[in-house]
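Working notes, beginning with the structure itself.
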Amino acid sequence: MLVTNTACALVLVALLGAAPAADAAERLTQIPAPFRGLWMAQLRHCQAGPTDESWLRIEAGRLSFYESSGLVLAVVAGGTDEIAVITELSGEGSTWLHPLRLRLDGTGQRLTLETVGVDGSIGRVRCPGT
Numbered sequence: 001m002l003v004t005n006t007a008c009a010l011v012l013v014a015l016l017g018a019a020p021a022a023d024a025a026e027r028l029t030q031i032p033a034p035f036r037g038l039w040m041a042q043l044r045h046c047q048a049g050p051t052d053e054s055w056l057r058i059e060a061g062r063l064s065f066y067e068s069s070g071l072v073l074a075v076v077a078g079g080t081d082e083i084a085v086i087t088e089l090s091g092e093g094s095t096w097l098h099p100l101r102l103r104l105d106g107t108g109q110r111l112t113l114e115t116v117g118v119d120g121s122i123g124r125v126r127c128p129g130t
């Protein structure tokens, strides 16, 4: 599926609608370092590895979930603790665009994920050493 840079940017700015002004959003070339690492629902799950359903690895240009992974197509920052990303995920024989909003708590040890079009959010904790 072809997605233009302009379309990605518009979706990402809309995701960061909580930002005081559209010019407060900054287009990035990769996911910032504070967001990268291995994230799980609870610390005790960190030992399970990629077999746990809450498994999420965030890299500079890739997101990997329990049953899907894909390249990051666009990233927009709404400050130092909030980004919106569009990824092209593949898994179980399908490929789809997946727009997400990611927020870090003040410590950088807790991550909140919100998927566009889905009510609610999912929390994760950073696994030690990542």
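Residues 1 to 130 (our numbering) make up the sequence shown, in order. The C-beta atom is built at its ideal place from N, Cα and C for all residues, glycine as well.
Spatial neighbours of residue 68 in its chain, beta-carbon cut-off 7 Å, leaving aside the 5 residues before and after
Sequence index remark: in the sequence shown, residue 68 carries index 68 (1-based). Contacts found: 89, 90 and 91.
For residue 57, which of 37, 74 and 73 has the nearest alpha-carbon?
Sequence index remark: in the sequence shown, residue 57 carries index 57 (1-based). It is 37.
Excluding the 5 residues flanking residue 116 on each side, which residues of the same chain have their C-beta closer than 6 Å to its C-beta?
Counting from one through the sequence shown, the residue named residue 116 turns up at place 116. Excluding positions up to five away in sequence, the list reads 99.
Residue 33, DSSP secondary structure in three states
The residue you call residue 33 lines up with position 33 of the sequence shown. Three-state DSSP puts residue 33 in a helix.
For residue 131, I'd like the list of residues in its chain whose CB is within less than 8 Å of its CB, leaving aside the five on either flank, ordered along the chain.
A question about residue 131 goes unanswered here, because the residues of the chain that appear run from 1 up to 130.
Could you pull out every residue in the same chain whose Cβ sits closer than 7 Å to the Cβ of residue 42, ignoring the five residues on either side in sequence?
To locate residue 42, count along the sequence shown from 1; it is residue 42. Apart from sequence neighbours up to five positions away, the residues of its chain that approach residue 42 with a beta-carbon distance below 7 Å are 125, ordered along the chain.
For residue 119, collect the residues of the same chain with a Cβ closer than 7 Å to its Cβ; drop the 5 residues on either side in sequence, then sort them by chain order.
Residue numbering aside, residue 119 sits at position 119 when the sequence shown is read from its first letter. Closer than 7 Å at Cβ, skipping near neighbours: no residue.
Residue span of the beta strand (DSSP E) that contains residue 99, given as start and end
Taking the sequence shown and counting its residues from 1, one reaches residue 99 at position 99. Residue 99: member of the beta strand (DSSP E) spanning 94-104, first to last residue.
Selected residue, minimal CA-CA separation from residue 96, among 109, 52 and 73:
Stepping through the sequence shown from its first residue, residue 96 is reached at position 96. Here the closest residue by C-alpha is 73.
Smallest Cα separation from residue 102: which of 109, 84 and 93?
As a first step, residue 102 must be located in the sequence shown, where it is residue number 102. When only C-alpha atoms are compared, the closest one is 84.
Taking Cβ positions, are residue 82 and residue 104 nearer each other than 9 Å?
Stepping through the sequence shown from its first residue, residue 82 is reached at position 82. Stepping through the sequence shown from its first residue, residue 104 is reached at position 104. The answer is yes: Cβ separation under 9 Å.
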